[in-house]
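Report on the structure given below.
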Amino acid sequence: MSINEILLEVKGLKMHFPLTQGIIIQRQVGAVKAVDGLNFFIRRGETLGLVGESGCGKSTTGRAILQLYRPTAGQVLFEGQDLCKMAGERLRQMRRRMQMIFQDPYASLNPRMTVGNIIGEPMEIHNLAKGKEKQEKVQELLRVVGLNPYFSNRYPHEFSGGQRQRIGVARALAVQPEFIVCDEPISALDVSIQAQIINLLEELQAEFHLTYLFIAHDLSVVRHLSDRVAVMYLGKIVEIATRDDLYRTPLHPYIKALLSAVPIPDPTVEARRERIILVGDVPSPVNPPSGCNFHTRCPIAIPLCSEQEPAFVDKGVDHWAACHRV
Amino acid sequence: MRDNTLLEVRNLKTYFYTMDGTVLAVDGVDFVMREGQTVGLVGESGCGKSVTALSIMRLITPPGKIVGGQVIFDGEDLLKVDDEEIRRVRGNKIAMVFQDPMTSLNPVLTINRQVSEALELHLGMNKDESRKRSIELLEIVGIPEAAKRIDDYPHQFSGGMRQRVMIAMALSCNPQLLIADEPTTALDVTIQAQIIELVKRLKKELGMAVIWITHDMGVVAGMCERVIVMYAGHIAESARVSDIYADPRHPYTLGLLGSIPRLDAARKSKLTPIEGLPPDLINAPPGCPFAPRCAWVIDICHQECPRLRGVGPGHETACWANVKEGRA
Ligand SMILES: Nc1ncnc2c1ncn2[C@@H]1O[C@H](COP(=O)(O)OP(=O)(O)OP(=O)(O)O)[C@@H](O)[C@H]1O
Ligand SMILES: Nc1ncnc2c1ncn2[C@@H]1O[C@H](COP(=O)(O)OP(=O)(O)OP(=O)(O)O)[C@@H](O)[C@H]1O
Ligand code: SF4
Ligand code: SF4
Ligand SMILES: [Mg+2]
Ligand SMILES: [Mg+2]
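Here the protein sequences line up with chains A and B, keeping their order. Under the working numbering, the residue at position 221 of the first sequence is numbered 251, and the numbers go up by one with no gaps. Under the working numbering, the residue at position 204 of the second sequence is numbered 214, and the numbers go up by one with no gaps.
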């Protein structure tokens, strides 16, 4: 296993949801282009942050990678093998190696199952452990995520949001995955609890050599956790770079605006900051704007931008961006 | 004596009498606001921010009850005035923008009907006048093509636009005080930045005071003059915005600031979380509500709840320990 080994590679990934009309006879009248041609890779052991505004396609990307949605087009190569082409037993075996942690710690746990069963279930599904061995593993996992092992007989409603998120993390870890999609794992938590979960995710990564796709809209948290960061806008990736390159020398006007909009908890800094205020809202992914789909809000757009889509090219050392003007 | 005090909240207590017991949602809150001032009310979920705001407007409904205190607005105790008077104050002198713009706009009425209503009710305008003024208000809050969009329904507007409509409605009667309850929490940062710029601009133009409720210490830094940090129904600390960040004097404030990663600071290898959980407001033990999570805790903290005490000009903290001296 080399340090630079690519664990996951996504090529031309598209996920379009059909828009239908009619009650008895449904006919397709268009498509929500939630994810529209993504290219990126993740190295083993690293964290790739995925940021962008609500509705830009982050969760859909995560789900399409894990084949929870079957992509409309493109490839998802896990250790070089295309998951999109797999089905049945083969896919099930690959799925064990990839897990997801969800945003909502309230909705993502079955309220009628004990914590022990919630965490133990995936082990049974994948024939990893049963009976006493399973129970011991559950208790071990509870300890790993910072919960009392005796909690295994309790139900989710007896726990706080932060504790439930820990249970979700324990369930994801139960099948000893290599790759975890963390979909906004801290957004629903209290501010004072968020740092507990961030630290936990970091500790687990170091201990179990995990690879993360970390989805979030909080740019400060993504900076804290990620090795590299991808920025999405309206179904497309507009920039990918190492963390330091992206935050120090952002190229694309969209990420520049995003960064300038993040409030900083320091009044003297805030007083001196120049904000780039984007006008308007994110357009609909059903009829995305022509050319560069950011041109309707871009402060530096030129006529070419509405005509031709900019290519996604390397503008430095592994610093990719899609913009006619950088 | 006439000073420029606009609002004085004294020992406000609002409890909820539920099946499980009494929730001490707001338990002795004290603060003063000047005319035209912007005050940030921060703290995590459930600490009593919304209940404080609703109590000021006297909008608490059963099982909740304002059980004590005073809300002196413009020289008058709002907790004592009759129902007609409080209705006149609401929407007219004090306006509120709620957290979720979808639930606070009526889905079956056009934007025009909703913005016009307050104008007709409070200012006695007729339909033509109120429509004209509504269009102006939508233009002020930056709705593009306001004259065309005014007959749309709320679902035809995006989240950011709905929040602008809420602000337009709140502004319709030139309030002296705007209470904005997490008006940007459900929005993206780019839209949040638009709304913050808008409120800053309107404040300057109209000279109104603002209470801005949020859990984001960053938002407060950019727009408020004073900050009130709440924890478990109590005020933990209150100070000028510069002092809260440069010289925090309450362990909870310190914890909040230490636990969030900052975009402009050197990346720390590890965050310092506040350990433990926020307390249950039903069976609150005696003593300081932060004691179970506090690194500075001393014996007295478990026995007696600290009261706010001055630690500098306009700077108060409710803590037995001397956090400043103890800091390395
Ligand atoms: N199952 C689905 N059917 C139809 N449209 C969908 C479906 N899932 C997502 N979408 C649409 O695809 C787009 C991308 O959604 P997605 O949930 O991936 O965004 P996101 O970036 O995760 O947003 P958020 O930050 O709000 O979670 C949105 O316009 C959404 O409405
Ligand atoms: N109708 C109600 N019945 C019972 N308890 C209530 C009711 N409304 C509020 N509370 C309780 O009062 C406390 C304070 O609630 P409040 O809504 O003021 O919190 P908040 O600080 O605004 O939180 P958030 O950031 O989540 O909006 C909470 O513990 C809450 O559970
Ligand atoms: S291609 Fe044009 S519209 Fe798109 S981001 Fe670059 S300058 Fe702006
Ligand atoms: S009073 Fe005591 S427990 Fe409360 S914050 Fe101060 S030191 Fe901590
Ligand atoms: Mg999502
Ligand atoms: Mg609230």
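The beta carbon of each residue, even a glycine, is placed where N, CA and C say it ideally should be.
Just to confirm the assignment: which complete alpha helix (DSSP H) runs, minimum length 4, are found wholly within the stretch 118-165 of chain A? 118-126 and 145-155
Top-ranked residue by Cα proximity to Ile197/A, from Pro207/A, Ile155/A, Arg184/A and Glu208/A: Counted from its first residue, the first sequence places residue 197/A at position 167. That would be Arg184/A, whose Cα lies nearest to the Cα of Ile197/A.
Please classify Ala48/B: is it buried, with 16 or more other beta-carbons within 10 angstroms of its beta-carbon, or exposed? Walking along the second sequence from the start, residue 48/B turns up at place 38. The sequence given here has Thr at residue 48/B, not Ala. Classification of Thr48/B: buried, given that the 10 Å Cβ count is 16 or more.
Helix, strand or coil for Leu129/B? Go by DSSP, reduced to three states. Locating residue 129/B in the second sequence gives position 119, counting from the first residue. Helix.
Residues with C-beta closer than 5 Å to any heavy atom of ligand 4, in chain order: Pro261/B, Cys298/B, Phe300/B, Ala301/B, Cys304/B, Trp306/B, Val307/B, Cys311/B, Pro316/B, Cys329/B, Trp330/B and Ala331/B
Any beta carbon from chain A within less than 8 Å of Ile270/B's own beta carbon? To locate residue 270/B, count along the second sequence from 1; it is residue 260. Cβ-Cβ to chain A under 8 Å: yes for Ile270/B.
Within 10 angstroms of its Cβ, does Gly82/A collect 16 or more other Cβ (buried), or is it exposed? Stepping through the first sequence from its first residue, residue 82/A is reached at position 52. Under this definition Gly82/A is a buried residue.
Please confirm whether Ala236/A has its beta-carbon closer than 8 Å to some beta-carbon of chain B. Here residue 236/A corresponds to residue number 206 of the first sequence, with the count starting at 1. Ala236/A does not count as touching chain B.
Count the other C-beta atoms from every protein chain shown that fall within 10 angstroms of the C-beta of Lys59/B, then say buried if there are 16 or more, exposed otherwise. Counting from 1 along the second sequence, the entry for residue 59/B is found at position 49. When all chains shown are included, Lys59/B counts as buried.
Against chain A, does His312/B count as a neighbour if the rule is that its beta carbon must be under 8 Å from one of theirs? In the second sequence, residue 312/B corresponds to position 302, counting from 1. Answer no: the Cβ-Cβ gap between His312/B and chain A never drops below 8 Å.
Determine the chain B residues that contact Arg253/A at a beta-carbon separation under 7 Å, and present them in chain order. Position 223 of the first sequence, counted from the start, is the residue given in the question as residue 253/A. Within chain B, the residues near Arg253/A are Pro271, Leu273 and Arg277.
Between Val268/A and Ile285/A, is the Cβ-Cβ spacing less than 8 Å? Locating residue 268/A in the first sequence gives position 238, counting from the first residue. Locating residue 285/A in the first sequence gives position 255, counting from the first residue. A contact, by the Cβ cut-off of 8 Å.
Please determine whether the Cβ atom of Tyr284/A lies at a distance below 7 Å from any heavy atom of ligand 3. The residue labelled residue 284/A in the question sits at position 254 within the first sequence. Tyr284/A: yes, Cβ under 7 Å from ligand 3.
Residue burial classification, Leu98/A (beta-carbon count within 10 angstroms, cutoff 16): Locating residue 98/A in the first sequence gives position 68, counting from the first residue. Result: exposed.
Start and end residues, alpha helix (DSSP H) containing Ile95/A: Counting from 1 along the first sequence, the entry for residue 95/A is found at position 65. Lys88 to Ile95 is the extent of the alpha helix (DSSP H) around Ile95/A.
May I have all residues whose beta carbon comes closer than 7 Å to any heavy atom of ligand 5, sorted in chain order? Lys88/A, Ser89/A, Gln133/A, Asp213/A, Glu214/A and Ile245/A
Nearer than 7 Å: is that true of the beta carbon of Glu215/B relative to any heavy atom of ligand 6? For the purposes of this step, residue 215/B is taken as residue 205 along the second sequence, with counting starting at 1. Answer for Glu215/B: no, Cβ out of range of ligand 6.
Within chain B, the residues that His247/A reaches when beta carbons sit closer than 8 Å: As a first step, residue 247/A is located in the first sequence; it is residue number 217 there, counting from the start. Correct list: Asp198 and Val199.
On a Cα-Cα basis, can you pick out the residue from Glu151/A, Ile332/A and Val316/A that is closest to Leu49/A? Position 19 of the first sequence, counting from 1, holds the residue named residue 49/A. Nearest C-alpha to Leu49/A: Val316/A.
Hey, quick one: how far does the alpha helix (DSSP H) through Lys213/B stretch, first residue to last? Looking up residue 213/B in the second sequence gives position 203. Its alpha helix (DSSP H) spans residues Val199 to Leu216.
Taking the runs of the alpha helix (DSSP H) that are 4 residues or longer, which of them lie wholly in the stretch 85-128 of chain B? 93-99 and 111-114
For Ala160/B versus Ile145/B, is the C-beta distance shorter than 8 Å? Locating residue 160/B in the second sequence gives position 150, counting from the first residue. Locating residue 145/B in the second sequence gives position 135, counting from the first residue. One detail in the question is off: residue 160/B reads as Ile in this sequence, not Ala. Taking 8 Å as the Cβ cut-off, Ile160/B and Ile145/B qualify as a contacting pair.
Within the same chain, show all residues whose beta-carbon is closer than 7 Å to that of Ala301/B, passing over the 5 residues directly before and after it, in chain order. The residue labelled residue 301/B in the question sits at position 291 within the second sequence. Only Val307, Cys311 and His312 meet the Cβ criterion.
Asn21/B, DSSP secondary structure in three states: For the purposes of this step, residue 21/B is taken as the residue at position 11 of the second sequence. Reduced to three states, the DSSP call for Asn21/B is strand.
Can a CB atom of chain A be found closer than 8 Å to the CB of Ala231/B? Taking the first residue of the second sequence as position 1, residue 231/B is located at position 221. Chain A, which has a Cβ nearer than 8 Å to the Cβ of Ala231/B, makes this yes.
Which of helix, strand or coil does DSSP assign to Pro283/A? Translated into the one-based positions of the first sequence, residue 283/A becomes position 253. Pro283/A falls in the helix class under three-state DSSP.
Is the closest heavy atom of ligand 2 to the C-beta of Lys59/B under 7 Å? On the second sequence, position 49 is the one that residue 59/B refers to. Indeed, a heavy atom of ligand 2 lies less than 7 Å from the Cβ.
Would you say Val77/B and Val239/B are within 8 Å of each other, going by their C-beta atoms? Translated into positions along the second sequence, residue 77/B becomes position 67. Translated into positions along the second sequence, residue 239/B becomes position 229. In this structure, Val239/B does not lie closer than 8 Å to Val77/B by Cβ.
Put Ala157/B into one of helix, strand or coil per three-state DSSP. Numbered from 1 along the second sequence, position 147 holds the residue referred to as residue 157/B. Ala157/B: helix per DSSP, three-state reduction.
Residues in its own chain within less than 7 Å of Ser182/B by CB, not counting five upstream and five downstream? The sequence position of residue 182/B within the second sequence is 172, counting from 1. Same-chain partners within the cutoff: Val125, Ala128, Leu129 and Leu147.
Positions along the stretch 219-230 of chain A whose CB lies within less than 8 Å of some CB in chain B: Asp220, Val221, Ser222, Ile223, Gln224, Ala225, Gln226, Ile228 and Asn229
Spatial distance of Gly217/B from Met176/B (CA atoms): Along the second sequence, read from residue 1 onward, the residue named residue 217/B stands at position 207. Along the second sequence, read from residue 1 onward, the residue named residue 176/B stands at position 166. Approximately 19 Å between the Cα atoms of the pair.
Out of Ser252/B, Pro261/B and Asp92/B, which one is the CA nearest neighbour of Pro295/A? Counting from 1 along the first sequence, the entry for residue 295/A is found at position 265. Minimum Cα distance to Pro295/A is reached at Ser252/B.
Out of curiosity, what's the CA-to-CA distance linking Val229/B and Gln202/B? Here the question's residue 229/B lines up with position 219 in the second sequence. Here the question's residue 202/B lines up with position 192 in the second sequence. Taking the straight line joining both Cα atoms gives about 9 Å.
By the 9 Å beta-carbon criterion, what residues does the stretch 165-180 of chain B contribute toward chain A? Ser168, Gly169, Gly170 and Met171
Return helix, strand or coil for Ile238/B, following the three-state DSSP convention. Locating residue 238/B in the second sequence gives position 228, where the first residue counts as 1. In the structure shown, Ile238/B sits in a strand (DSSP, three-state: E or B).
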